Amino acid sequence: MAAGELHSWLLNDALPVWAEAGRDAETGEFVETVTLEAPRATTAPRRARVQPRQIYVYLESSALGWDGPGHEIARKALDFYLGEYLTADETSISSRDPETGQKNEAFDLYNQAFALFAYGCVARRQPEQGGTFLNKARSLLQHLRATYSHSDGGFQEASPAKAPLRSNPHMHLFEAALELEQSDTSTVWCELADEIADLALTCFIDPLTGGLREFFDLNWSPMPGTSGRIMEPGHQFEWAWLLARWGLLRKRADALMAARRLYQIGEQFGVDPDRQVAIMALNDDMSVHDPIARLWGQTEWIKAAIILARISVGPEQDAYLNDILRSVAALRMYLDGVSAGLWRDKMRPDGSFVEEPAPASSFYHILCAISELHAFAEDLRAS
């Protein structure tokens, strides 16, 4: 499934299927999962992070050539999200039960990052709403800084502070900041992006190996025990993509160097040589911690390979170009053998898949990878 085939699959299969089976047409709310056969929504609790992710998907759909009502779908979902997924202080809840309406209002920094990301996407794709959603984004950031700021940079995950701290929510805050700085003249998003990039370069990334860790104590030192040793290949790729974007914007050679090393770790140690897929987790000695291979890691491999191919020449670029083909082939395995427009999420060590409904949360990863791939293919054709 080459770039063009993936693009066609997105427009002709995935976007229509999820517009039909992946949301409540009456309320606009996106569902958590869709059954693989005769696609229909499940009644699984709906995580707050899924709503902004799917809003992004349908806001981007028109720009990628879908002729369906992408912006209308996104707008209806956004209205529902604002009405049902936010607390009195405008932070995001964690989840909502679609059958009872009961809400889990626990604070999770990860969910706030996706609220910011969605506001930035709305501001960019629906500029007539830009002022409203940039104000919402600034207000949420102000609340996060007032309540959860860490004295050494980044954010706590609870008030009062509670370990572990995680790099992952910061990665998505980084992504949101890079999105918002495209639309907002305020300096707060550039400052947030710079703060998180510097935190990644000085704390998240192990200075000995160049690999990025997941879990930290309250002083931004690796958590003791097994959790402090975990390095996820998918996140090596995702941080490589983000740090390369930031490094190009800020002209930071150290960020580009770090991105290349993160990619190298992800590809060299995190791609299973037999299955040719990015696995879930490594230990900090690069041994395998979790051999399950999830779909999202393959999309981040694609994105990182593309941006590093763009900034490389000669044999190095050739290697990244070859990896684009490998990563696309890895993604294709998750899309084949199920109803058109759906996907599997988890590949076992023996290459078989866990049989379970398709998670909506994967669509954000898939669409972003296809968008990057489509743009890269267009640029190659034009050169």
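In this text, residue positions in the sequence shown follow the numbering used here: the first is 15, and each later residue adds one.
Beta carbons: idealized from backbone N, C-alpha and C, even for Gly.
All values reported here derive from a predicted model rather than from experimental measurement.
query                                                                                                                                                                   : result
What is the DSSP secondary structure of N26, reduced to helix, strand or coil?                                                                                          : helix
Which residues bound the beta strand (DSSP E) around H164?                                                                                                              : No beta strand (DSSP E) contains H164, which DSSP labels as neither H nor E.
State the beta-bridge partners of N118 as determined by DSSP.                                                                                                           : S109
Could you compute how far the alpha carbon of R275 sits from the alpha carbon of A177?                                                                                  : 28 Å
Can you tell me the Cα-Cα spacing of S163 and V136, whole angstroms?                                                                                                    : 26 Å
Excluding the five sequence neighbours on either side, which residues of its own chain have a C-beta within less than 7 Å of the C-beta of A207, listed in chain order? : F188, A191, L192, E195, W260
Measure the C-alpha to C-alpha separation of T199 and P141 and round it to an integer number of angstroms.                                                              : 13 Å
Beta-carbon within less than 7 Å of G134's beta-carbon, same chain only, minus the 5 sequence neighbours each way: which residues are those?                            : A151, A190, E193, L194, S197
When the Cβ atoms of the segment 315–327 are set against those of the segment 374–390, are three or more pairs found closer than 8 Å?                                   : yes
Taking the alpha helix (DSSP H) that A268 falls in, what are its first and last residues?                                                                               : The question names Ala, but residue 268 is Asp in the sequence shown. It spans 267–284 - the alpha helix (DSSP H) in which D268 sits, taken as one unbroken run.
Taking DSSP as the reference, what is the three-state secondary structure of M185?                                                                                      : helix
Just verifying my parser: in three-state terms, what is the DSSP assignment at M245?                                                                                    : strand
Considering only the beta carbon of each residue, do A344 and D27 sit closer than 7 Å?                                                                                  : no
For L398, which of helix, strand or coil comes out of DSSP?                                                                                                             : This structure cannot speak to residue 398, because the chain is shown only from 15 to 397.
Given 8 Å as the limit, is there contact between the segment 278–288 and the segment 210–220, that is, 3 or more CB pairs closer than that?                             : no
Should the segment 114–128 be regarded as contacting the segment 76–87, the criterion being three or more beta carbon pairs within less than 8 Å?                       : no
Leaving out five residues before and five after C204 in sequence, what residues of the same chain have Cβ atoms less than 6 Å from its Cβ?                              : E195
How close, in whole Å, do the beta carbons of G248 and E314 come, if the pair is a contact with beta carbons under 8 Å?                                                 : 5 Å
Grab me the residues of V71's own chain with a C-beta within less than 7 Å of its C-beta, minus the 5 sequence neighbours each way, in chain order.                     : F377, Y378, L381
Counting pairs of Cβ atoms below 8 Å between the segment 86–103 and the segment 35–44, do you hit three or more?                                                        : yes
Check for me: the alpha helix (DSSP H) holding V71 runs from which residue to which?                                                                                    : 64–75
Which residue marks the beginning of the beta strand (DSSP E) containing D304, and which one marks its end?                                                             : 302–304
Quick one: what does DSSP say P373 is sitting in, helix, strand or coil?                                                                                                : strand
Out of G311, I107, L262, D359, which has the shortest C-alpha to C-alpha gap to Y277?                                                                                   : G311
How many Å lie between H186 and R67 at the Cα?                                                                                                                          : 11 Å
Measure the CB-CB distance between L394 and Y348 and report whether it falls below 7 Å.                                                                                 : no
Compare the beta carbon distance of A307 and M245 with 7 Å and say whether it is the shorter of the two.                                                                : no
With Y99 as the anchor, note down where its alpha helix (DSSP H) starts and where it stops.                                                                             : Run containing Y99: none; DSSP gives neither H nor E here.
Return the bridge partner residues of L6 from the DSSP annotation.                                                                                                      : The requested residue 6 does not occur in the structure, where the chain is confined to residues 15 to 397.
Using C-beta distances below 7 Å, list every residue in its chain close to S326, excluding the 5 sequence neighbours before and after it, in chain order.               : Y334
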